[in-house]
Amino acid sequence: VQLQAFGGGLVQAGRSLRLSCVESGKLFSISYMAWYRQAPGNQRELVAGITSGASTNYADPVKGRFTISRDTAKNTVYLQMNNLKPEDTAVYYCYSYSGQWGASWGQGTQVTVSS
Numbered sequence: 002v003q004l005q006a007f008g009g010g011l012v013q014a015g016r017s018l019r020l021s022c023v024e025s026g027k028l029f030s031i032s033y034m035a036w037y038r039q040a041p042g043n044q045r046e047l048v049a050g051i052t053s054g055a056s057t058n059y060a061d062p063v064k065g066r067f068t069i070s071r072d073t074a075k076n077t078v079y080l081q082m083n084n085l086k087p088e089d090t091a092v093y094y095c096y097s098y099s100g101q102w103g104a105s106w107g108q109g110t111q112v113t114v115s116s
């Protein structure tokens, strides 16, 4: 399974970005998908996750601002990030898990939020 993430960039605080992650495998429809992030000096942390049944979970700092969704027809998971804050600055990683293939990570995409 390969994951390719897109959509990072530099934005001002209060603006929005949408990250996309395309999974190359054939198990997307049954995979748990998630976004993690890692800021310099910090551990990688879960941002949001979505099950194959579209149940979602969010880290407390992003609740109400970020939305995770998935499009099975496109093998793609999205992270809509609104009202971005400087503390959201990090490298964002796409993650997938299935019983057949285990865990996979994407290459990461940088999100930088200026104040």
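Add 1 to the 1-based position in the sequence shown for my numbering, that's all there is to it.
Every residue gets a Cβ at the ideal spot worked out from N, C-alpha and C, and that includes glycine.
Source: prediction; values computed, not measured.
Worksheet item: If you draw a straight line from the alpha carbon of Ala104 to that of Tyr33, how long is it in whole angstroms?
Response: 9 Å
Worksheet item: Which stretch, first to last residue, makes up the beta strand (DSSP E) that contains Val2?
Response: Taken as a continuous stretch (DSSP letters only), Val2 belongs to no beta strand (DSSP E), as it is neither H nor E.
Item to complete: For Ser30, write down the residues that DSSP places opposite it in a beta bridge.
Response: In the DSSP output, where bridge partners are listed per residue, Ser30 has none listed.
Worksheet item: Among residues of its own chain, excluding the 5 on either side of Thr77, which ones have a beta-carbon nearer than 6 Å to its beta-carbon?
Response: Ser21, Val23
Discussion item. Within a Cβ cutoff of 7 Å, which residues of the same chain sit near Lys86, ignoring the five residues on either side of it in sequence?
Written reply: Ala14, Val114
Worksheet item: Between Ser53 and Tyr59, what straight-line distance do the alpha-carbon atoms span, to the nearest angstrom?
Response: 16 Å
Practice prompt. Could you tell me the distance, in whole angstroms, from the CA atom of Ser97 to the CA atom of Trp36?
Written response: 9 Å
Worksheet item: Shortest alpha-carbon distance to Val92 belongs to which of Lys75, Arg38, Asn84?
Response: Arg38
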